[in-house]
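According to the working numbering, the residues represented by the sequence shown are 74 to 527, in order. Notes for the one structure printed next.
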Amino acid sequence: MSEIPSSELKSAEPEPPQPDPPPPKIPSPKLAALLAWLEVLKSWLTFLAELASMLGARRSRERPWRVKVARRSQKIALSDAEIRRLLQLQKDLKDLDQIADAAARFKLPESDFFADPEQVERVIRRILIENPPWLHISRTLAGSDSGQEAEDKQILWREQETLEMQDVTLFLPDEKWRDLPLASMTMRPVKHLNEVWQARLLDQVLPPEVLLDRMNRGEVLIRVHESHRQRLEFLKVERRMQIPVRKKVPIVIESEGAAGQGGQLLYILLDSSASMRGVSAMLALAAISAALRSNLGQRNSRYLFRRYAEQDQIWPSVVEPPVQARTIEEKDALLSLICSTNFNGGATHVNHALDIAVSDVEHLREKENLEAAILLVTDGRAEILESTGLRLLRAGVKLHTVMVAPEPNPSLAAISVSFAILDIGAQAIAPATAPAAEAEAPAPRRRRRTSFQI
């Protein structure tokens, strides 16, 4: 009898029974009540957070926008008459529409603010009320070294739509057919004998003598065929009416100042990087427009312009002179050139742009006696080199910075004579008649006031 292997004996043995799983733990009634109370508290806290966010967003939309100007000189306020005169000048010259059209190129589907001429007017009004130093309004400009003071008037032409009374020729439809009976449009008398067969059968069976007599009297009628064309006649009428006409209207600009060389120079440096698109571009164009129109009639004031981004994207190029505007016509054309800026540059190199601007000013000072200042319009943070500030100081060139974004820039503010921050949202602007709201940040110690808000 053969023996069974031990491995087969082990496999044939029955397996021990598996232990039963432990029963689920049932939480105590106190713990269940605590968990339910925590869920209710979580729901309430979520509801209160959403309510607070809604109320907070509403308050942020209603806050007035702010213009902060840190300056080292005393503020010179403008009169209401001067503000109205400057605003009316920009309306007559179509500056508000021009800035709105330029800003509309960067308008997003969800935005409805920065392409509106009325909002552009409010922005410029608040800038004029604050009267930052780079406007050069209500202050004595640097006198010229020769020439006498003179005042005259010059004219800029703008195309406007006006109503004029003119003699016009109108062609009105002839409505005499309305006075004819309805049968005259569907039936007509027989003109020839070959048309008698189209008349009624009662007329066709008449004796020839009676048929001719009735035909001569126009009593034999036939139906007007559909192929007969009905023509609408027109009558020529002469009238005098108001006609909208687009024509060039003269805008009178009063010129004043000396006729010699020298005077005030404002060098405009515009940041053309892609981050300027949107509200920042509109604020930059509004600030530059206010500066250009404020001294439009001053003979001894001139403007230079460059736009910059990266070192190889500065325009005009480094080897070319900047765009210069000295006469009224050149200043007017300069604003149109600035509004055509396409903000598509790369990184912002402020130090390189300031070095080029100082070099241009030093080149002009070799021939003329100029009091120069640079207006830097940007939206980004830049680390200013110490050499840049020292060169501005040695050249005697004042730097005015306009930040079109609510971001501080301590290194740039340290070398600037005035540092303006335009902080504005899509729906945060207050009406023109609303009072200005001031919100000064509490300072731990008493110091001289350098920040002004609108």
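Every residue gets a Cβ at the ideal spot worked out from N, C-alpha and C, and that includes glycine.
Whole-angstrom distance between residue j and residue i, CA atom to CA atom
i    : j    : result
T506 : F244 : In this predicted model, T506 has a pLDDT of only 39, less than 50, meaning its place in the structure is not dependable; the value taken from the coordinates is given anyway. Cα to Cα, the separation comes out at about 50 Å.
T474 : T451 : 8 Å
S116 : G351 : 39 Å
V396 : R379 : 7 Å
I316 : L169 : 26 Å
E191 : L114 : 48 Å
S219 : N373 : Only weak support is given to the placement of S219: the predicted model assigns it a pLDDT of 41, under 50, and the question is left unresolved by the model.
P323 : Y340 : 29 Å
E268 : F307 : 31 Å
N424 : Y381 : 11 Å
K321 : K167 : 12 Å
V193 : Q171 : 10 Å
R366 : L305 : 57 Å
V318 : K440 : 48 Å
P246 : D286 : 38 Å
Y376 : G370 : 13 Å
K103 : A125 : 33 Å
V470 : S348 : 28 Å
E237 : M355 : 35 Å
A468 : D428 : 11 Å
V391 : I488 : 23 Å
L343 : F492 : 15 Å
E234 : E435 : 46 Å
L358 : L449 : 12 Å
W101 : L107 : Contrary to the premise, residue 101 reads as Ser rather than Trp in this sequence. Computed Cα separation, rounded: 10 Å.
G418 : S152 : 39 Å
L408 : K164 : 14 Å
L410 : L121 : 52 Å
L543 : A272 : With the chain covering 74 to 527 only, the question about residue 543 has no answer from this structure.
T242 : E248 : 18 Å
P137 : A150 : Because P137 carries a pLDDT of 41, less than 50, the predicted location of this residue cannot be relied on, and the following value inherits that uncertainty. Roughly 21 Å separates the two Cα atoms.
H265 : L279 : 16 Å
A109 : E123 : 22 Å
N482 : P205 : 18 Å
D225 : I361 : 25 Å
Chain-order list of residues whose beta-carbon lies under 7 Å from that of residue i (same chain, five-residue window excluded)
i    : result
D240 : E311 and R313
M288 : V263
A363 : I197, I200, L201 and L208
R399 : R375
P479 : I494 and D496
Close-in-space but distant-in-sequence residues of the same chain around residue i (CB under 8 Å, 5 per side omitted)
i    : result
V297 : M258, T259, M260 and R261
S484 : A455, E456 and I457
E232 : R319, K320, K321 and V322
I401 : Q227, L229, I326, S328, L369 and G370
K404 : L365, L369, Y376 and A398
I156 : R198, L201 and I202
I528 : Because the chain here runs from 74 to 527, residue 528 falls outside it and cannot be looked at.
Residue i (DSSP reduced to helix, strand or coil)
i    : result
R158 : helix
P394 : coil
P205 : coil
I324 : strand
P317 : strand
A272 : coil
V352 : helix
I502 : Here I502 scores only 45 on pLDDT, less than 50, and its place in the model is too uncertain to base an answer on.
R231 : strand
L343 : strand
F120 : helix
R131 : Caution is warranted here: a pLDDT of 43 is assigned to R131, below 50, making its placement in the model unreliable, and the coordinate value is therefore given only provisionally. Helix, per DSSP.
I429 : helix
R296 : strand
A173 : helix
E191 : helix
D153 : helix
D168 : helix
T259 : coil
R312 : strand
D225 : strand
Sequence-distant residues of its chain with Cβ nearer than 6 Å to residue i (five each side left out)
i    : result
P504 : Confidence at P504 is low in this model, with a pLDDT of 43, below 50, so the placement of that residue should be treated as unreliable; the coordinate-derived value is given next. Excluding sequence neighbours, P504 sits near nothing in its chain.
A105 : none
M476 : I494
R464 : V431
D276 : V293
Chain B within 7 Å of residue i, Cβ atoms only
i    : result
T414 : You won't find chain B in this structure, because it holds only one protein chain.
Check: residue i C-beta below 6 Å from any heavy atom of the ligand NAP
i    : result
R379 : With respect to small molecules bound, the structure shown includes none, and the ligand NAP cannot be examined in it.
Inset, instruction - Give a yes or no on contact between the segment 456-474 and the segment 161-177, applying the rule of three or more CB pairs nearer than 8 Å. - result: Counting Cβ pairs under 8 Å, fewer than three are found: no touch.
Legend entry - Inter-stretch contact (C-beta, 8 Å, three-pair minimum) for the segment 193-205 and the segment 150-165: Result yes; three or more Cβ-Cβ pairs closer than 8 Å.
Legend entry - Uninterrupted alpha helix (DSSP H) stretches inside the segment 463-499 (no shorter than 4 residues): 483-487
Legend entry - Inter-stretch contact at 8 Å, needing at least 3 Cβ pairs: the segment 409-422 / the segment 430-444: Result no; under three Cβ-Cβ pairs closer than 8 Å.
Inset, instruction - Please list the segments of the beta strand (DSSP E) lying wholly inside the segment 355-407, counting only runs of 3 or more residues, in order along the chain. - result: 374-381 and 396-398
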